[in-house]
Structures are given as structure tokens and as C-alpha cells.
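The structure under discussion appears below in the form of C-alpha cells.
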Amino acid sequence: MPMTSMSKRFSMVHSIKMPMPSSNGNGGGKPADFDHARWLFETKGTYGYGNALWPKNEHGGGGNTAGATSGFVGIEEPPNFGARCRRPLTRKTSVSQAILSPYRMLIAIRLVALGFFLAWRIRHPNPDAMWLWALSVTCEVWFAFSWLLDSLPKLCPVNRSCDLDVLADRFELPTARNPKGRSDLPGIDVFVSTADPEKEPPLVTANTILSILAADYPVEKLACYLSDDGGALLTFEALAETASFARTWVPFCRKHGVEPRCPESYFGQKRDFLKNKVRLDFVRERRKVKREYDEFKVRVNSLTEAIRRRSDAYNAGEELRARRRLQEEAVAAGGALGAAPLAETGAVKGTWMSDGSQWPGTWLTGATDHARGDHAGIIQAMLAPPTSEPVLGGVPAESGALIDTTGVDIRLPMLVYVSREKRPGYDHNKKAGAMNALVRTSAIMSNGPFILNLDCDHYVHNSAALREGMCYMLDRGGDRVCYVQFPQRFEGIDPNDRYANHNLVFFDVAMRAMDGLQGPMYVGTGCIFRRTALYGFSPPRATEHHGWLGRKKIKLFLRKPTTGKKTDRESEHESSSALMPKRFGSSATFVSSIPVAEYQGRLLQDMPGVHQGRPAGALAVPREPLDAATVGEAISVISCFYEEKTEWGRRIGWIYGSVTEDVVTGYRMHNRGWRSVYCVTRRDAFRGTAPINLTDRLHQVLRWATGSVEIFFSRNNALFATRRMKLLQRVAYFNVGMYPFTSMFLIVYCVLPAVSLFTGKFIVQHLSSTFLVFLLIITITLCLLALLEIKWSGITLHEWWRNEQFWVIGGTSAHPAAVLQGLLKVIAGVDISFTLTSKPGGADDGEEDTFAELYEVRWSFLMVPPVTIMMLNAVALAVGTARTLYSEFPQWSKLLGGAFFSFWVLCHLYPFAKGLLGRRGRVPTIVFVWSGLICMIVSLLWVYISPPAGARPGIGGFSF
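Just so we're aligned: 565 in full-length UniProt numbering is position 565 of the sequence shown, and the numbers increase by one with no gaps anywhere.
Pasting the structure below:
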């Protein structure tokens, strides 16, 4: 068999067999057989890795030299192929075939069983209730189609891991190009977005900012930007307080290596905080920092009242001066003293900053140029860019710090407050527009080639999360990765997770399965982007899928190696200087930052298979300092008219036009051929909050489902995807836009059991053995699939069941409302507006009130359908049981069939019913009014359509 180049390279073991002397003594005889056991004994060799003997200078000759091993001449230690700097940064492993193969087989078995079952159902109608049979068969066909869309993308789940030691050795060790050992890691710009300080408390945002500033990443390569879309002075001054407290908190975290680095979570955890702590001054310094943090919280919480009092004092002074001015003008005009009106002087009640100047953003009392949707753009660098060299602290007496920072780097990352300009008459595109403004601002001020975006209530729970995400961006093949998505984890959820707030079936099953295709979808927070991918550029390489089921693959090289004379046509089209202003806007500084960001985000050129990389040590250079001209240019790119006649929001940045702009943005990147990665860390990377109140949870699901309906009726529907998207990836995205429509069939199917019990009919004419066998096979395969999903995803059976329950709750309440709203927007052009989900302000309440919000019952029209369904099924169970018991010829089979499905519906809606009862069983009266009214209407309609047998007009029946 011919040897490959790799096998020749690794087949260099030299034989040490000695020739057997011939009978004539000339040594020309045939050598004796090699005694391998004797050789192992004499050389103390072993089988397995490390057995090969490597010759010096590619030959076995030579005398005894240093480095010879085991006494052999000409032999030296084998080269270290496992050097850390040469090892891969990441590793992808498939799920065990012992789990995955049965999982795939069960999907195929259930699919075949569903096909035979539906064929049998269609061929065996119920002549006694054709309408009931037709409705049930229609729903069952749709459910089978929906299940198939949900199951196909789960065929190839994968697991990933990374090696942070290799990352440090490759990018942070001294080299010939980087003799000082400065970090060669690319920069990361972190975006935090907030809009309303009343619903998103400043203390929550402050904790998120502190966790970012204390992250384990090179200080000079990290920059944090806070987008305040409300332009509130409260957020501005809270950020200033945060920057001040960070000078104590960040060095404390670095010195003692505390986790998590969000002070509210760190000081609130109940585990032993002394575990693995060996420094004698830890307890004393922790006590000091805890006291400083408590004072910091008091200062932040008192800012609202302080701003109001300050503004009232300044406004009173302004009003007094205005009165004096009017009186002086009146005296000068010859009028009597005091003739000027004193009640109305025309002085505007503004909001004042601590330095005595008026706040350019939103005032407490709205006014022209100072309202929530009408204010100037604001940029303020709270923390200046740090120096490239470490700055070590000292003892408190010398440095003025609260703790001893001797030998600790006290530098802080750059922190910038941004509030984009807003004017009436412009569509500001909500969160997507705010994120795009941050993209342009950060490109001018820091221009990190990678961007991490977080919601204001999602803090960094694992300080090494940024490094883990960069492993996937900087490893071989990482230049094709557009973003690294982290799973969302939540705190403050009730222990039973009544409304499936953790959503683990999505984050640990569906997203991990998509990671085995083309990558997970973008879910709005906890995601590291490649800046050039946000700019709308294509990946350097892509694959087009042609033929039946996309089995034929055509590789495209969209960015070929260049020599400076010729460029690839597509790359030339995308980077043409003539098209740049039309696509990106009129800022020359921003346009010039694009190739810089692309170059800094490249892989190292000494990696195997990299044709267009950067040399090692190219990023170990100091950052240029900020100046007034740079800040002025940054303010110009956040003006409300900058995006006019550009491609921002259409091809570049976050995509506009949908409530779920996150899913659309990720879809566009995958559609251009990019890949994404799902990074599940051992310690949760980020943690946030989720609404535990039933009404808030339903409105959150309503917003997501409405965005999915918008996607379905737009050109972002996966049916129109390009050939660069894999088939199963297209199926996954198509299911995102399709799943809300299942609610219409689900509502019908949840009402059918009650109708069956009321009428004494069933979906089949009689319970045959064939029907029961099919039902048993479908149910058993579903349970086995659930168990295998639990096995390979790591979730629990309780979490899976909670997800199933809330799927029915959401499908009978929020999803149908989303379908109606989406249709109204598409057909009638009715705009859809949503309010922000309120974030909990902190854990200051008592232990018994930790989950007080869970028991609050807030009326919403979304509650009417599930309450009605529960009441119908409960009444139907009683009616059906009574009819069967007192019937002359009881039909127990039909009662059992209807009762089984009614019980199935009630079990799934149990958390909803429990939520309606509240803490003490108090249900809003409006719930009973609406539900009773609807039940009465349905009952009257049913009696009108199907009057009781033997009823005579005017006696047992009625007419409208």
C-alpha cells in the first residue's frame, strides 16, 4: 500500500537489528529475525505513544552525543509535537453514538408511525361526527408537520471545549516580534444597552458594567460602551458613580480572584466565600469593599431625589433671575415696579447637572429639544483609555486606595456613555438603531475587531468568558465564524420554574443541535460578533449546497490571496472606495477604520492553512489616545440623519423592520455563508434576570412570537435563503417563523375533548385496537426521544416537562395573539409597539418576598383563551361522566377517550391555573366575567347548532 506524506513523516523509526554472520564469515548471510521482546526489555521500552526513536539530523549515524536516549548511538529525544502554542485552541466532539444512533432511529420510527397513523385516520372517517373527525385530522397533520420541523435540525448535536492555556501561550508569551510579552489578543468592544431607568434600574446596569470592567481580559484591549436610549441624567450620573467605585472593585477582584465579579451577586451568594482563599488580608479587605459597595448603592438609589432637588434649586434661581429681568425691563420702559407678571416668567424648568449646566438629554419635565424622543447626541468618556504598560498600585497610605494594591494592576478599561440623537419625524428603530449607533461610535473611538453585546441585566458571571469566546474566533477556521453565542442563564427564578423561564430545552437542546449544522441563531445578548460580519461582508470562504437535499457542495473562495496587483472581484466590489460612503455613510474616519478592524481580526499567519493572516505580535502596540476631534467625529455618526441613504439596518449592522431583530441579524449572516459557534462554558458565562410574573412572561412570549410572524411574512423567510445555507439550517430558521401558527390548531385540539364529552361523540367511530396501537407507539417514541434528549443535553425531566406545559400555555394565549397582530401588520399596516420588560431592582427585600412578584395576578386579555379552555374541559368532564353513569346504554369507550384528552389538556395548563390563584387564591373578577361570558356564548351556539334530541320549538329549544 503506498505511503502518504503524513505516514512517511511519522515512519522514521530506525531498525537496530544486527546482521547475522554468514557461514563464510563475511557477513553476507541473511539477518536473523528481530527479537522484539528482548529489545523492549533491554531498552526499557513500552508500547504506545512515545515509543518512536528519532535519529539525529535525519540519520542514525554518529557517536555518543548528548541527548542520546537509552544508550543508543545517534538517537535523541523525539520532538515535542504537543507544544502548547501549536495545539488547537478548541475541540469539537460529537455526542456519543450510543445515544445519538438510537435517537435518530427513534425519530425515523416515529415519523413512519405518524405516516401510517395519519393514513389510517384519513381512510377511516367517523360518519357519526364528520366535522369532529375532519377537525381532528387537520390538527394532527399539522402537529406531525410541526414536529418534523422541530426534530430534523436535532440530528447532529455537538459539544465544544476550548483550552485557555494554549490561548495564553500563543498570544501572551514573549516572542521575537513581541519581546516584552504584551498581549497580542485583538480588542473587544462591549455594548450594554438600556432605555428607561424606571424599568431598568441604574443599579442593575451598574452591576453589569462593573462585571465587564473586572473581566479577565487585557485591560488595554477592552472597551465598554453604555447606550442610554432614553437620554436620562439618572443613568449618566449612575455611570459616573460606577466608574468611581470601579477603582476599588476591579483591583479587589484581580488581587483575590473573586467570582462572580458582579458585586451584587458576589456579596449576595450564600456559599462560603473563604473557600480557596489564602491571603491573610482577604477578610479585612472584603469587609471594607462590602461597606463601600453598600454606600455606593445608597448613593445610586438617592440619585433620583438628588437630581430633582438640584434641578428645583437651579430652576428656582433661574425663575428668580427671570423675574428680576422682567422687572428691570418694566422699570426701564417706564412702568410701575412689580407690574410684570410674577406667576409666569417664561423660565423653562430644566434638569441640571452637578456642575451647574443644563443636561442636554431628556429632562424630568419634557421640553423642546429635551424630551425622550427629542434630544441631542451625547458622548462622555467616563474612564479614559488605559496605557499599554501595567500600572501597579501600592499601600493605601501611598496610593490613597481603600485596599492594598501592591503588585496589582490598577488600570481600568475605557468606559464611554453614549446617547444617540433623537428628533421627531425620524424612525429610530428601537434597540437595533441604538446598537448600530454604538457600532459606529466604537469604530471611531476604539475599533475593536470583535464586539460583545449584553443587555443591561446580563452581567459577566465567568470572568474568563471573553477569552473562551475568542478561542473560537482565533482558532483554525475561525475566520469563517461571524459570532460566538453563549447560552442565556437566569437568576431569581422560582425553584419550580413554574413558567419555564430557564428555557433549557431551547438553549441546551435546540441551540446545541444547531451548532452541529451551521451554527446557533443569535438570541439578542451574550454574543461576541466579528465586526466585519456586522458590516455586511461575506466570509473569506463559503460553501454552496446544490443538488438533491444539498448533497453536492461547491466551495467558494470569496477572499483569495493577493499580491497587491490583483484582487478578488467580490472583495473588490465590497471594499470599493466609491461604494463605501453610499453603504456606510459620509464619515471618512469610520470608513478608514473598516480595513483596520478586518486586519486585526485575522488569524495568525503561521497557522496551518492560513493564507491571509497577520504576523504574531502585530497587535502588541499601544492604542492611540483620544482627542477632541475623535470625540467630535464620534458624535457626528450618532446623529439621527446619518443613516439616510445608506445600507445601515438593511444589510449592515443590526437589521431593522422586525421586533426580533436579533434573529434576523443572525439569519442574514448565515445566509451569506458565515458560521456561528455555541460556547457552553463550565461556569455560566453570563447571567441575567427573567420575568417570573405570569402576565410579564406572556407579554414577553407575545413579543417573540410576533417577531416570528413578521419573519414569516418577510423576505427573511428561510424559504428564500441562498444556497450558502445548509438544508437543515434552513429548516431550523423556517421553524422559527412557522411555530406561532401551530397555536391555531392547538386551540382547536384543546377544545375538541370538551366538545367530544358534551356531544358523546369521539374523533373515531369506535376505539379499535389499531387506533390504540398507533397511539401507544407514537406516545412511547415521544417519551423515549425525550429521555434521550435529556441524556445528551444534560437537562432534567422536570425542566423538559415544564417546557411542554408552557408550550401549551403560550400556544393557547400569546401565540394566537401574535398571529393576529402579525396579520394586522402585514395586511392593514398596523404598527406593533411593545413596552420594556421591567427588571428587578435588587435583592433588598426580605426572604419571604423574594418571589412576591410570582404571585401577583395582573389582568391581561391573553388569559381569556386558556381560562376558557380549562373551564370547558372541567365542565365537560363532569357532564360526560354524569351522562355515562345515568345513561341506559353507557358508552365507556367514548368517555375514556374524551376524558383522557381533557385530562391531558388540564395537566398542561396546571401551572397557568396555579398562577391565576395567586398567593391566597385571589383571582381577578374580570377573569371570571370574561370566561363565563365566553362559555355561555359557546354553550348557546352549541345548543342552537345541535339542539337536544326530542326538543320541540318553544319548549326544549330556542331561536335567535
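We treat Cβ as the ideally placed atom computed from N, Cα and C, and that holds for glycine.
N- and C-terminal bounds of the alpha helix (DSSP H) containing G632: Working through the sequence shown from its first residue, we reach residue 632 at position 632. Looking at the DSSP string, the run of the alpha helix (DSSP H) that includes G632 is 628 to 636.
Member of V631, R271, R324 whose CA lies at the smallest distance from the CA of P385: Translated into the one-based positions of the sequence shown, residue 385 becomes position 385. Of the listed residues, the one whose Cα sits closest to P385 is V631.
The region 519 to 527 in contact with the region 709 to 720 per 3-pair CB rule at 8 Å: Three or more beta-carbon pairs separated by less than 8 Å are not found between the region 519 to 527 and the region 709 to 720, which leaves the two stretches without contact.
Candidates G115, G268, M445: closest to L626 by CA position: Here residue 626 refers to the residue found at position 626 of the sequence shown. Selected option, being the one with the closest Cα: M445.
Residues that Y678 bridges to, as DSSP identifies them: Along the sequence shown, read from residue 1 onward, the residue named residue 678 stands at position 678. Beta-bridge annotation (DSSP): Y678 is paired with Q485.
Coil, strand or helix - I795 by DSSP: Locating residue 795 in the sequence shown gives position 795, counting from the first residue. If DSSP states are grouped into helix, strand and coil, I795 belongs with coil.
Nearest candidate by alpha-carbon position, reference G657, set P487, G230, H428: In the sequence shown, residue 657 corresponds to position 657, counting from 1. Ranking P487, G230, H428 by CA distance to the CA of G657 puts H428 first.
Three CB pairs or more closer than 8 Å across the region 678 to 685 and the region 443 to 459: When C-beta atoms of the region 678 to 685 are compared with those of the region 443 to 459, fewer than three pairs fall below 8 Å, so the two segments do not count as touching.
Local Cβ density within 10 Å of Y886, reported as buried at 16 or more and exposed below that: The sequence position of residue 886 within the sequence shown is 886, counting from 1. Exposed: under 16 other Cβ atoms inside 10 Å.
Terminal residues of the beta strand (DSSP E) in which Q765 lies: Your numbering for residue 765 matches position 765 in the sequence shown. In the DSSP annotation of this structure, Q765 is not part of any beta strand (DSSP E), being labelled neither H nor E.
Outcome for C482 when other beta-carbon atoms lying within 10 angstroms are tallied against a minimum of 16: For this step, residue 482 is matched to residue 482 along the sequence shown. The residue in question, C482, is buried, as its Cβ has 16 or more Cβ neighbours within 10 Å.
Three CB pairs or more closer than 8 Å across the region 464 to 479 and the region 659 to 671: No, because fewer than three Cβ pairs between the region 464 to 479 and the region 659 to 671 fall closer than 8 Å, the two stretches do not touch.
Beta bridge counterpart(s) of K431 as assigned by DSSP: Taking the sequence shown and counting its residues from 1, the one referred to as residue 431 is at position 431. None; K431 has no bridge partner.
Simplified DSSP state of G334, which is helix, strand or coil: In the sequence shown, residue 334 corresponds to position 334, counting from 1. Of the three classes helix, strand and coil, the one that applies to G334 here is coil, per DSSP.
Residues near I188 in its chain [Cβ-Cβ closer than 8 Å; skip 5 each side]: Taking the first residue of the sequence shown as position 1, residue 188 is located at position 188. So the qualifying residues of the chain are Y217, K221, L222, A223, G448, F450, I451, L452, L466, M470, I528.
From S813, Y459, L603, residue whose alpha carbon lies closest to that of R480: Taking the first residue of the sequence shown as position 1, residue 480 is located at position 480. Across the set S813, Y459, L603, the C-alpha of L603 shows the shortest separation from the C-alpha of R480.
For I403 and E285, believed in contact at Cβ under 8 Å, the rounded distance: On the sequence shown, residue 285 is found 285 positions in, with the first residue counted as 1. On the sequence shown, residue 403 is found 403 positions in, with the first residue counted as 1. Sure, about 4 Å apart at Cβ, within 8 Å.
Cβ pair C253, S211 closer than 7 Å: Counted from its first residue, the sequence shown places residue 253 at position 253. Counted from its first residue, the sequence shown places residue 211 at position 211. No, the Cβ-Cβ distance between C253 and S211 is not below 7 Å.
Nonlocal neighbours in the same chain, by C-beta distance under 6 Å from F459, ignoring five residues either side: Residue mapping note: residue 459 aligns to position 459 of the sequence shown, counting from 1. What sits at residue 459 in the sequence shown is Tyr, not Phe. N207, T208, S211, C262, listed in sequence order.
Alpha-carbon spacing of A876 relative to L132, whole angstroms: Within the sequence shown, numbered from 1, the residue matching residue 876 stands at position 876. Within the sequence shown, numbered from 1, the residue matching residue 132 stands at position 132. Straight across, the Cα-Cα distance linking A876 with L132 is about 16 Å.
Straight-line Cα distance separating G478 from K8: To locate residue 8, count along the sequence shown from 1; it is residue 8. To locate residue 478, count along the sequence shown from 1; it is residue 478. Low local confidence applies: a pLDDT of 42 at K8 is under 50, so the model's placement there is unreliable, and no value is given.
Secondary structure of N301, DSSP reduced to three states: As a working mapping, residue 301 is identified with position 301 in the sequence shown. Secondary structure of N301 (DSSP, three-state): helix.
Coarse secondary structure for Y217, derived from DSSP in three states: The residue given as residue 217 occupies position 217 in the sequence shown. In this structure, DSSP gives Y217 a state outside helix and strand, which the three-state scheme calls coil.
Between the CA atoms of D163 and E468 - distance to the nearest angstrom: In the sequence shown, the residue the question calls residue 468 occupies position 468. In the sequence shown, the residue the question calls residue 163 occupies position 163. D163 has its alpha-carbon roughly 8 Å from the corresponding atom of E468.
Validate contact between the region 766 to 775 and the region 725 to 744 using beta carbons, cut 8 Å, 3 pairs: Flag = no, the region 766 to 775 and the region 725 to 744 do not touch.
Contact the region 541 to 550 vs the region 700 to 709: 3+ CB pairs below 8 Å: No: the two stretches stay apart, fewer than three of their Cβ pairs being nearer than 8 Å.
Under 7 Å between C-beta atoms of D150 and N735: Indexing the sequence shown from 1 puts residue 150 at position 150. Indexing the sequence shown from 1 puts residue 735 at position 735. Contact check for D150 against N735 passes: the beta carbons are separated by less than 7 Å.
Backbone secondary structure at S265 - three-state DSSP: One-based indexing of the sequence shown puts residue 265 at position 265. Here DSSP, grouped into helix, strand and coil, assigns S265 to helix.
Coil, strand or helix - T660 by DSSP: One-based indexing of the sequence shown puts residue 660 at position 660. Residue state, collapsed to three classes: coil.
Three-state secondary structure assigned by DSSP to F712: Residue numbering aside, residue 712 sits at position 712 when the sequence shown is read from its first letter. For F712, the three-state secondary structure derived from DSSP is helix.
Endpoints, the alpha helix (DSSP H) within which residue 1027 is located: The first residue shown for the chain is 1 and the last is 960, placing residue 1027 beyond what the model contains.
Separation of K270 from I827, as counted between CA atoms: Numbered from 1 along the sequence shown, position 827 holds the residue referred to as residue 827. Numbered from 1 along the sequence shown, position 270 holds the residue referred to as residue 270. For I827 and K270, the distance between alpha carbons rounds to 54 Å.
Three-way DSSP call (helix, strand, coil) for L549 in this model: Here the question's residue 549 lines up with position 549 in the sequence shown. Helix, per DSSP.
Start-to-end residues for the beta strand (DSSP E) that takes in S587: For the purposes of this step, residue 587 is identified with residue 587 of the sequence shown, where counting begins at 1. No beta strand (DSSP E) contains S587, which DSSP labels as neither H nor E.
Selected residue, minimal CA-CA separation from W792, among S813, R87, Y103, E389: Counted from its first residue, the sequence shown places residue 792 at position 792. Comparing alpha-carbon positions, the option among S813, R87, Y103, E389 lying closest to W792 turns out to be Y103.
R160 in three-state terms, based on DSSP: The residue you call residue 160 lines up with position 160 of the sequence shown. Here R160 sits in strand by DSSP.
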